[in-house]
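Worksheet for the structure shown next.
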Amino acid sequence: MPGECFPEDFGEPLLENLIEAFESGNWAIDWWEGDPRRNKDKLEEAYYIRPRIKGVNRLFDPSWGGECIFLKKKGCVLPPEKRPISCRLLEPKPKGIDCINHNGTGKRGSALVWLPFTNIILEASRKNK
Numbered sequence: 000m001p002g003e004c005f006p007e008d009f010g011e012p013l014l015e016n017l018i019e020a021f022e023s024g025n026w027a028i029d030w031w032e033g034d035p036r037r038n039k040d041k042l043e044e045a046y047y048i049r050p051r052i053k054g055v056n057r058l059f060d061p062s063w064g065g066e067c068i069f070l071k072k073k074g075c076v077l078p079p080e081k082r083p084i085s086c087r088l089l090e091p092k093p094k095g096i097d098c099i100n101h102n103g104t105g106k107r108g109s110a111l112v113w114l115p116f117t118n119i120i121l122e123a124s125r126k127n128k
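Okay, so the sequence shown: first residue is 0 according to numbering that gives the first Met the number 0, each after it adds one.
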């Protein structure tokens, strides 16, 4: 499953950079089901951004598995500084099987970070051609 992004991964201006990212076809909008905030229940879903999954061509994609579009035989094709934050914080386990996640936030944490930017995500998605 692809790693989650934070807004900082796209830089400023966020709206324009998200539009460009979505137009590339390499990024997806995923979401946390329900309200990711503790003791809150006002939201049905909370959006966050992650790399697209191979073989899935939808911008809005609540996938629970699949291989990252950037993962090739020799590893991630993105330079380390361009990878999503959750990918930059991974440490390969010995023998190359699986990784240790030092991020600790996962989907819920990413959804929380993106909450203030929900309108920007939706606006960028509407401008996606």
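Even glycine gets a Cβ: it sits at the ideal position worked out from N, Cα and C.
Going straight from the alpha carbon of residue i to that of residue j, what length do you get?
i    : j   : result
A123 : K73 : 32 Å
N118 : K71 : 33 Å
E80  : N25 : 17 Å
C75  : L89 : 12 Å
P78  : R37 : 35 Å
Please work out which residues of its chain come closer than 7 Å, Cβ to Cβ, to residue i, disregarding the five sequence neighbours upstream and downstream, and give them in chain order.
i   : result
L58 : F21, A27, I28, S124 and N127
R87 : P79
I'd like the span of the beta strand (DSSP E) that includes residue i, first residue to last.
i   : result
I28 : W26 to E32
Looking only at its own chain, which residues have a Cβ that is under 8 Å from the Cβ of residue i, when we skip the five neighbours before and after it?
i    : result
G105 : E3 and S85
K39  : none
Do residue j and residue i come within 8 Å of each other at the CB atom, strictly closer than that value?
i    : j    : result
G65  : V55  : yes
W31  : E44  : yes
I191 : D60  : Outside the displayed range of the chain (0 to 128) lies residue 191, so it cannot be described from this structure.
P12  : F116 : no
Let me confirm a value: residue i is counted as buried when at least 16 other C-beta atoms fall within 10 Å, else exposed. Which label applies?
i    : result
R82  : buried
L17  : buried
V112 : buried
P35  : buried
S23  : exposed
R8   : Note that residue 8 corresponds to Asp in the displayed sequence, not to Arg. The residue is buried, with at least 16 neighbouring Cβ atoms inside 10 Å.
If I measure Cβ to Cβ from residue i and keep anything under 6 Å in the same chain, skipping five residues before and after, which residues do I get?
i    : result
C67  : P1 and P50
S109 : E3 and Y47
Output the boundary residues of the alpha helix (DSSP H) element that contains residue i.
i    : result
E19  : L13 to S23
E122 : T117 to R125
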